[in-house]
Amino acid sequence: MKINPRRLLLHIVCVIPALWLFWQIWLWYNFASHELTANPIEYITDFTGDWTIRFLLLTLAITPLARLTKIKSPKYRRAIGLYAFFYGLLHFLNYMVLDYFFDWPLILEDIFKRPAITFGMLAFTMLIPLAVTSIKFIIKKMAANWQKLHRLIYLITVFAVVHNYMMVKADVLIPVIHAMILFGLLGVRVFLSFKKRKRAMKNI
Ligand code: HEM
18 MKINPRRLLL
28 HIVCVIPALW
38 LFWQIWLWYN
48 FASHELTANP
58 IEYITDFTGD
68 WTIRFLLLTL
78 AITPLARLTK
88 IKSPKYRRAI
98 GLYAFFYGLL
108 HFLNYMVLDY
118 FFDWPLILED
128 IFKRPAITFG
138 MLAFTMLIPL
148 AVTSIKFIIK
158 KMAANWQKLH
168 RLIYLITVFA
178 VVHNYMMVKA
188 DVLIPVIHAM
198 ILFGLLGVRV
208 FLSFKKRKRA
218 MKNI
């Protein structure tokens with residue numbers, strides 16, 4: 018199998034935050050000095066949540082960036098989307114295992130009673146079918162339906178940004194920046210599809 022150096026570099030960059038986090042958890046577990054602050058569980062939730070949202074926004078940014086740079090078929094969108102799922106899974110596992118210790122009645126109560134958690138859960142649940150259908154042979158089988166399903170990424174990111182905004186305790190600057198990036202990307206998307214429709218009308 019031939020290794021694509023660019024793809025390899027992308028994977029290395031994308032796993033660095035997770036490796037750093039696992040290293041810090043290992044230090045914490047061994048009572049060594051670590052960077053997870055006095056509240057490691059909260060730190061891990063915030064860290065993994067932040068990386069999930071960054072990868073979601075990056076996934077949405079790839080097509081507009083490709084159009085701007087006149088690249089015809091943008092690459093790595095699927096891989097970056099899968100990293101959003103990976104960090105989202107770490108975020109949810111941390112909540113479920115370390116924070117709530119599999120206390121399902123309490124977890125369910127939290128999901129249904131706290132709107133912020135409801136939005137997070139909706140975003141994460143919708144990411145699951147996108148991750149599962151990102152396997153190459155499923156993409157081929159689904160054909161045009163794959164693109165339709167993967168448009169969910171916009172709604173997922175909207176829910177994720179709402180969750181992020183509602184979850185921060187004091188400074189809302191970062192969630193507001195996330196929301197601004199999201200609106201900018203949605204604006205570019207609307208503009209691009211408007212341009213495409215106009216071009217199609219001209220060709221009739
Ligand atoms: C795609 C899905 C999700 C994304 C993008 C996401 C993202 C985030 C972000 C960015 C934060 C704030 C981090 C900060 O303050 O720096 C956060 C906090 C939090 N999230 Fe999520 N989240 C998602 C799903 C979930 C789910 C499914 C749960 C649990 C069922 C959850 C539980 C929490 C909790 C409890 C916090 C607050 C942690 C604290 O005490 O500071 N999130 N999330």
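Quick note: the sequence shown, position 146, residue 163 per my numbering, numbers continuous.
Ideal placement from N, C-alpha and C gives every residue a C-beta, glycine not left out.
Values in this document were obtained by computation on a predicted structure and should not be read as measured data.
Residue nearest to residue i in terms of C-alpha spacing, selected from the options
i: I198; options: V114, N111, P81 and L115; result: P81
i: V178; options: R95, L99, H195 and L169; result: H195
i: P91; options: M113, P146, I79 and I97; result: I79
i: D74; options: P192, F208 and I145; result: The question names Asp, yet the displayed sequence has Leu at residue 74. Minimum Cα distance to L74 is reached at P192.
i: W68; options: Y60, H51, W37 and Y104; result: Y104
i: T142; options: K213, L38, T174 and A217; result: T174
i: F176; options: D127, L106, F136 and A161; result: F136
i: N21; options: G66, F200 and Y93; result: Y93
i: R131; options: F102, L209 and M183; result: M183
i: L144; options: I97, V30, F39 and E52; result: I97
i: I58; options: A140, H108, L36 and R71; result: H108
i: L27; options: R95, F200, E126 and A161; result: R95
Residue i beta carbon near the ligand HEM (any heavy atom closer than 7 Å)
i: F159; result: At residue 159 the sequence reads Met, which differs from the Phe that was named. No - the ligand HEM has no heavy atom lying nearer than 7 Å to the Cβ of M159.
i: A187; result: no
i: Y46; result: no
i: D67; result: yes
i: Y100; result: no
i: H180; result: yes
i: Y112; result: yes
i: F141; result: yes
i: E59; result: yes
i: H108; result: yes
i: I13; result: The first residue shown for the chain is 18 and the last is 221, placing residue 13 beyond what the model contains.
i: G105; result: yes
i: T76; result: no
i: A55; result: no
Next item on the list: Would you list, in sequence order, the uninterrupted beta strand (DSSP E) runs of no fewer than 3 residues that lie entirely inside the stretch 66 to 126?
Entry: none
Next item on the list: Within the stretch 175 to 209, note down every full alpha helix (DSSP H) run reaching 4 residues or more, in order along the chain.
Entry: none
Margin query: Quick test of the definition: if touching needs 3 or more C-beta pairs under 8 Å, does the stretch 166 to 175 touch the stretch 38 to 45?
Written below: no
Check: Between the stretch 182 to 195 and the stretch 138 to 149, do three or more beta carbon pairs fall short of 8 Å?
Finding: no
Checklist line | Three-pair Cβ contact test at 8 Å for the stretch 53 to 70 versus the stretch 98 to 116 | finding: yes
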